[in-house]
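Visitor: After the structure tokens below, expect a handful of questions from me.
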Amino acid sequence: MWKKLSLVLVGLVLAIALPRTASAETTMEKVARTGILTVGTRLDLVPYSYVNDQNELVGYSIDAINLIKKRLEEQLGKEITIQVIAEEDFAERIPKLVSRQIDISCDTVFTWERDRFVDFSVSYGISGIRLAVPKDSPLSSPESLAGQRIGVTPNTVVEQTIKVVQPQATLVPVQNLEEGFTALQEGQIDALAGDTVILAGEIARRESDALMLTPTEPYARYGVSCMVAENNSSFLNAIDYALVKMMQGYVNGEPSSVEMVGRWFGQEGIVDLPPELIRAFFQSIIITREQIPLAEESPASSAGQ
Numbered sequence: 025m026w027k028k029l030s031l032v033l034v035g036l037v038l039a040i041a042l043p044r045t046a047s048a049e050t051t052m053e054k055v056a057r058t059g060i061l062t063v064g065t066r067l068d069l070v071p072y073s074y075v076n077d078q079n080e081l082v083g084y085s086i087d088a089i090n091l092i093k094k095r096l097e098e099q100l101g102k103e104i105t106i107q108v109i110a111e112e113d114f115a116e117r118i119p120k121l122v123s124r125q126i127d128i129s130c131d132t133v134f135t136w137e138r139d140r141f142v143d144f145s146v147s148y149g150i151s152g153i154r155l156a157v158p159k160d161s162p163l164s165s166p167e168s169l170a171g172q173r174i175g176v177t178p179n180t181v182v183e184q185t186i187k188v189v190q191p192q193a194t195l196v197p198v199q200n201l202e203e204g205f206t207a208l209q210e211g212q213i214d215a216l217a218g219d220t221v222i223l224a225g226e227i228a229r230r231e232s233d234a235l236m237l238t239p240t241e242p243y244a245r246y247g248v249s250c251m252v253a254e255n256n257s258s259f260l261n262a263i264d265y266a267l268v269k270m271m272q273g274y275v276n277g278e279p280s281s282v283e284m285v286g287r288w289f290g291q292e293g294i295v296d297l298p299p300e301l302i303r304a305f306f307q308s309i310i311i312t313r314e315q316i317p318l319a320e321e322s323p324a325s326s327a328g329q
């Protein structure tokens, strides 16, 4: 998962990138000039961003990117093409944003350390930290984790959370989901800690009846956002507008927004999240922004205002 960049690496990235970008065009200007929105993303994160059986790049974050694309087209008055840059590791994202190799990267957790180098959009999804375990596992409470072998990706929010939840747990480093699930199924670890949505998506992808998520309530919750290069307020405004409009549509029961979210989350989605949880989270984001009209008002409806 989200591997934190070392300060040394980030310092090197900034030293290289800043002289070239100090007087460079903004991301909005670049998109307007080229007609291309460059997106950095993983290709294996179910249900955020992954290649399906038809060899199509799909997912909740991909749908969000398409909404952002539509908003940019409205603002710039031209057709925008999405260019995808595949990422093998989350640690690649911030250097690529700082050096302007990519314009945006989503399905990312805000941290104060990351915020020193990039800017974040509003959160458009909710997740948290849970464990993937065998179905007969007794692990759940923080106390039950003492002395247990918990797989974690080093230098991540997940690792930090498990250290706080149970300092006496034995943390076993795994480099990625594939390695972690293999270690779990072979009995090398007792549980695999991770983002609850990504863990649930991976279990669904594997069609595994032998695994489950625990506990019912995550050890920690957080929002999922997009990252952009710093000092791009117009671009970030367009992103936030598109995301808030989608969330407002879901809360108001607007069919296309409900269908979009429901493809990935809920009883008919890949990850079974309660609709009331999604709605409450979206409302907590919407209330911090001006309400967006979901349909153009007719002259008659606005004449007396």
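Residues in the sequence shown are numbered from 25 upward in steps of one, following this note's numbering.
Yeah, the Cβ is synthetic: ideal placement off N, Cα and C, and Gly gets one too.
Measuring only the C-alpha atoms, how far is residue 231 from residue 242?
Guide: In the sequence shown, the residue the question calls residue 231 occupies position 207. In the sequence shown, the residue the question calls residue 242 occupies position 218. So the two alpha carbons sit approximately 22 Å from each other.
Visitor: Looking at the unbroken alpha helix (DSSP H) that takes in residue 99, where does it start and where does it end?
Guide: The residue given as residue 99 occupies position 75 in the sequence shown. Per DSSP, residue 99 belongs to the alpha helix (DSSP H) from 84–100.
Visitor: Taking only the alpha-carbon atoms, compute the straight-line gap between residue 263 and residue 76 and give it to the nearest angstrom.
Guide: Counting from 1 along the sequence shown, the entry for residue 263 is found at position 239. Counting from 1 along the sequence shown, the entry for residue 76 is found at position 52. So the two alpha carbons sit approximately 25 Å from each other.
Visitor: With distances taken Cα to Cα, identify the nearest neighbour of residue 134 among 226, 245 and 267.
Guide: As a first step, residue 134 is located in the sequence shown; it is residue number 110 there, counting from the start. It is 245.
Visitor: Alpha carbon to alpha carbon, what distance is there between residue 233 and residue 257?
Guide: Taking the first residue of the sequence shown as 1, we reach residue 257 at position 233. Taking the first residue of the sequence shown as 1, we reach residue 233 at position 209. The alpha-carbon atoms of residue 257 and residue 233 are separated by roughly 46 Å.
Visitor: Okay, do the region 81–88 and the region 210–220 touch, 3+ Cβ pairs below 8 Å being the bar?
Guide: Taking 8 Å as the limit for Cβ pairs, the verdict is that the region 210–220 does not touch the region 81–88.
Visitor: Among 259, 261, 300 and 192, which residue has its Cα nearest to the Cα of residue 277?
Guide: By 1-based counting over the sequence shown, the position of residue 277 is 253. Comparing Cα positions, the closest option is 300.
Visitor: From residue 163 to residue 173, what distance separates their C-alpha atoms?
Guide: For the purposes of this step, residue 163 is taken as the residue at position 139 of the sequence shown. For the purposes of this step, residue 173 is taken as the residue at position 149 of the sequence shown. Going from the Cα of residue 163 to the Cα of residue 173 covers about 11 Å.
Visitor: Counting only runs that start and end within the region 151–235, where is the beta strand (DSSP E) found for 3 or more residues in a row?
Guide: Taking only runs of at least 3 residues, the beta strand (DSSP E) segments lying wholly in the region 151–235 are 173–176, 194–197 and 215–219.
Visitor: Where DSSP assigns a beta bridge to residue 251, which residues make up the other side?
Guide: Within the sequence shown, residue 251 is the residue found at index 227, counting from 1. The partner list for residue 251 (beta bridge, DSSP) reads 129 and 144.
Visitor: Any contact of the region 101–119 with the region 282–302, i.e. 3+ C-beta pairs under 8 Å?
Guide: Not touching, per the Cβ criterion.
Visitor: Starting from residue 265, trace the beta strand (DSSP E) in both directions and tell me its first and last residue.
Guide: What you label residue 265 is simply residue 241 of the sequence shown in a count that begins at 1. Not the beta strand (DSSP E): residue 265 falls in the alpha helix (DSSP H), residues 257–275.
Visitor: How about residue 97 and residue 104: do their beta carbons lie closer than 8 Å?
Guide: Locating residue 97 in the sequence shown gives position 73, where the first residue counts as 1. Locating residue 104 in the sequence shown gives position 80, where the first residue counts as 1. Result yes, Cβ atoms of residue 97 and residue 104 sit closer than 8 Å.
Visitor: Could you check if residue 28 is buried or exposed, using at least 16 other CB atoms within 10 Å of its CB as the buried criterion?
Guide: Residue 28 sits at position 4 when you count from the first residue of the sequence shown. Unreliable positioning characterises residue 28 in this predicted model, as indicated by a pLDDT of 40, which lies under 50. The coordinate reading is nonetheless provided below. Residue 28 should be labelled buried.
Visitor: Please report the distance separating the alpha-carbon of residue 198 from that of residue 49.
Guide: In the sequence shown, counting from the first residue as 1, residue 198 sits at position 174. In the sequence shown, counting from the first residue as 1, residue 49 sits at position 25. Spanning the two alpha carbons is a distance of roughly 40 Å.
Visitor: How many angstroms separate the CA atom of residue 268 from the CA atom of residue 148?
Guide: Translated into the one-based positions of the sequence shown, residue 268 becomes position 244. Translated into the one-based positions of the sequence shown, residue 148 becomes position 124. Looking at the two C-alpha atoms, the distance is approximately 8 Å.
Visitor: Do you know whose CA, among 304, 187 and 127, lies nearest residue 169's CA?
Guide: Here residue 169 refers to the residue found at position 145 when the sequence shown is read from its first residue. Closest by alpha carbon: 187.
Visitor: To the nearest angstrom, how far is it from the Cα of residue 315 to the Cα of residue 61?
Guide: As a working mapping, residue 315 is identified with position 291 in the sequence shown. As a working mapping, residue 61 is identified with position 37 in the sequence shown. Cα to Cα, residue 315 sits roughly 26 Å from residue 61.
Visitor: Secondary structure at residue 70, three-state DSSP: helix, strand or coil?
Guide: One-based indexing of the sequence shown puts residue 70 at position 46. Looking at residue 70 - three-state DSSP - the assignment turns out to be coil, as it is neither helix nor strand.
Visitor: Counting beta carbon pairs with one atom in the region 245–255 and one in the region 121–134, are three or more of them shorter than 8 Å?
Guide: With the cut-off at 8 Å, the region 121–134 and the region 245–255 touch.
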